[in-house]
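*Asks:*
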Amino acid sequence: MGTIETQVAVVGAGPAGLTLATLLHQRGVACVVIDKFRRDQLVARSRAGFLERRTARLLDHLGRSKRLHAEGLPHTACEFRCDGEVVRLDYADLCGGIPSFVYPQHELVADLLDGYVSDGGAVLLGRPVVGLGTERALPVVRCADGTVVRAEVVVEAAGQYGPVRAALPADAFTQYDVRHGVRLLGVLAQTPPFAPHTVYGQHRDGFAGQMLRSAEVTRLYLEVPPGESLEDWPEARIWRELDARLALPPGALRRGPVLERSLVEMRTWVVEPMHLGRVALVGDAAHIVPPSGGKGMNLAMADAADLAAALGRHFCEDSAGDLGEVLAAYSRRRLADVWQVQEFSHFMLHLQHGPLPGAPDAGYLEKLRRARLFRLRDDPAYARAFLERYMGPELPPGL
Ligand SMILES: Cc1cc2nc3c(=O)[nH]c(=O)nc-3n(C[C@H](O)[C@H](O)[C@H](O)COP(=O)(O)OP(=O)(O)OC[C@H]3O[C@@H](n4cnc5c(N)ncnc54)[C@H](O)[C@@H]3O)c2cc1C
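According to our numbering, the residues represented by the sequence shown are 24 to 422, in order.
#1: Here's a check: name, in chain order, each residue in its chain whose Cβ is nearer than 7 angstroms to the Cβ of Leu43, leaving out the five neighbours to either side.
#2: Below 9 angstroms between beta carbons: does that hold for Met289 and Pro314?
#3: Could you name the residues of the same chain whose beta carbon sits closer than 6 angstroms to that of Ala270, not counting the 5 residues immediately before and after it, in chain order?
#4: Is DSSP giving Gln128 helix, strand or coil here?
#5: Buried or exposed for Val109, please, with buried defined as at least 16 other CB atoms from any protein chain shown within 10 angstroms of its CB.
#6: Can you give me the C-alpha to C-alpha distance between Ala145 and Cys54, rounded to a whole angstrom?
#7: What are the boundary residues of the alpha helix (DSSP H) that Phe230 is part of?
#8: Is it the case that the Cβ atoms of Arg76 and Leu148 are separated by a distance below 9 angstroms?
#9: Measure the C-alpha to C-alpha separation of Arg50 and Gly335 and round it to an integer number of angstroms.
#10: According to DSSP, is Ser315 part of a helix, a strand, or is it coil?
#11: If you compare alpha carbons, which of Val164, Arg356, Ala71, Leu418 is closest to Thr26?
#12: Is it the case that the segment 157-174 contacts the segment 272-279, given that we only count it when at least three CB pairs across the two stretches are under 8 angstroms?
#13: Sort Arg356, Leu346, Ala406 by Cα distance to Gln30 and report the nearest one.
#14: Take Arg398 and list the residues in its own chain whose beta-carbon comes closer than 6 angstroms to its own, dropping the five residues that flank it on each side.
#15: Express the C-alpha separation of Phe370 and Val312 in angstroms, rounding to a whole number.
#16: Report the residue from Leu253, Leu243, Gly250 whose alpha carbon sits nearest the alpha carbon of Trp262.
#17: Using a 10 Å radius around the Cβ and a threshold of 16 neighbouring Cβ atoms, would you call Gln198 buried or exposed?
#18: Please tell me whether Ala79 and Ser123 are closer than 9 angstroms, where the distance is taken between their beta carbons.
#19: Which same chain residues end up closer than 7 angstroms to Gly204 when comparing Cβ atoms and leaving out the 5 residues on each side of it in sequence?
#20: So, helix, strand or coil for Gly37, using DSSP?
#21: Return yes when the Cβ of Pro186 is within less than 9 angstroms of the Cβ of Ala174, no when it is not.
#22: Could you tell me whether the Cβ atoms of Ala39 and Ala308 are closer together than 9 angstroms?
#23: Are Leu85 and Asn321 close, meaning C-beta to C-beta below 9 angstroms?
#24: Can we count Met414 as close to ligand 1, meaning its CB is less than 8 angstroms from some heavy atom?
#25: Ligand 1 and Tyr184: does any heavy atom of the ligand fall closer than 8 angstroms to the residue's C-beta?
#26: Less than 8 angstroms separating the Cβ of Gln128 from some heavy atom of ligand 1?
#27: Within its chain, find whatever has a CB closer than 7 angstroms to the CB of Gly156; leave out the 5 residues flanking it on each side and keep chain order.
#28: Could you tell me which residues DSSP puts in a beta bridge with Cys166?
#29: Of all the beta strand (DSSP E) runs that stay within the bounds of the segment 43-90, which reach a length of 3 or more residues?
#30: State whether the segment 96-111 contacts the segment 210-221, with contact taken as three or more CB pairs (one from each stretch) at a distance under 8 angstroms.
#31: Taking only heavy atoms of ligand 1 into account, decide whether any of them is closer than 8 angstroms to the Cβ of Leu243.
#32: With a floor of 4 residues, list each alpha helix (DSSP H) that falls wholly inside the segment 214-283, ordered by position along the chain.
#33: Is the closest heavy atom of ligand 3 to the C-beta of Ile261 under 8 angstroms?
#34: Which class does Phe196 belong to by DSSP, given the choice of helix, strand or coil?
#35: Does the Cβ of Cys105 have 16 or more other Cβ atoms within 10 Å, making it buried, or fewer, making it exposed?
#36: Identify the residues that DSSP records as bridge partners of Thr26: which are they?
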């Protein structure tokens, strides 16, 4: 308990919050990271796994990529399957020596958190933030245990339902919230991948896919019909449907213990602007992309890198400058990237999922989906442009 004074209070110790705090701390800007979870809970949240090349470069820059390079899997190909057709896109030669990686999000969070703490970074774990206030014209963050953190800037990195934006006037923001009507059963299984790359399979019963996580653990997805719940998906049905929808020969996908099962709704959400007064939003606190493109964590860390550079310049070189304009410029730059990634994720969503059953133009939309898929197979320039976006942009200079 008590009051802590700092320059930047970061609410949320996920990939976005920890990237921001690490960069600020390395730059000499005082910051405190607060999370409702303890360390053991933070490093047990298995979610993303696909790291764009800019994210790998960012971890190199932070000095936090030792385990990524030792244990991560370079990711250089993806494959679409549709009615016996296989469209495989190999982008090893496009990478220019900087591949994308597969590395589980919870390992990345552990690397960032442990590195930040061992460098002397300030962190308050197991402390839910319950409110935002103002004292002497500065924002203050209030924790459930009575701790107060007074800062010059508060950054919400606490996901869509974080406590900071919730305390701000709703009419200060425009929200775009779209439900795509598709739900996926996400399964984390202790089984080796059946192919050494990502596989997206389209079948008349719905999507099925494989995303790599490690040599022993694989994330598998199945599109779930409307109205069904986790109880409708016992393990035997999961394996049977994966084999059928991905046209796998018997034994190709080894049955292993299911470590986790969850239902994920495909949705898009963006809040504009990504700041108000002395508060900035980063990562899932400002935008959610459907996981079809594997972009959410990459986008979250790109926000953090941009904001850290801007705040570093402000606090270390130009503290007389207008902080409001610094945050407004951050929001403008990031929203341009956010909407590019939303557009790509929307494209991927509709490439992977056929039209909803009963949709009025279902036959026509399905023909368009296949036309795009076969153009990826037949037109190298189109495939190259697609893969450039799949791998994500280069890390911008000026970190
Ligand atoms: C099944 C699944 C698969 C995915 N696959 C990919 C992928 O392959 N590639 C990719 O790039 N992205 C993927 N994503 C998206 C990715 O996981 C998120 O975009 C990413 O976690 C966002 O990071 P963040 O730091 O913004 O938020 P989070 O990781 O959600 O971190 C927010 C933190 O805030 C804390 N917090 C929340 N409320 C409070 C409070 N009141 N007080 C204090 N702390 C609080 C939470 O405990 C948490 O630690 C996937 C997501 C899911 C669900």
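A virtual CB, placed ideally from N, CA and C, is assigned to each residue, including glycine.
*Replies:* So, to answer that:
#1: Val33, Val178, Ala180, Val305, Ala327, Leu330, Ala331
#2: yes
#3: none
#4: helix
#5: exposed
#6: 7 angstroms
#7: No alpha helix (DSSP H) holds Phe230; DSSP gives it neither H nor E.
#8: Cβ distance not < 9 angstroms, so Arg76 and Leu148 don't count as in contact.
#9: 6 angstroms
#10: helix
#11: Val164
#12: no
#13: Leu346
#14: Tyr405
#15: Each residue's Cα considered, the two are about 12 angstroms apart.
#16: Leu243
#17: exposed
#18: Contact flag set, yes.
#19: Leu379
#20: coil
#21: no
#22: yes
#23: No; because the gap between Cβ atoms is not below 9 angstroms, this pair is not in contact.
#24: no
#25: yes
#26: yes
#27: Val163, Arg165
#28: Val152
#29: 54-57
#30: yes
#31: no
#32: 258-268
#33: This structure lacks ligand 3; the ligands present are ligand 1.
#34: coil
#35: For Cys105, the number of other beta carbons within 10 angstroms of its own is at least 16, and it is reported as buried.
#36: Val171
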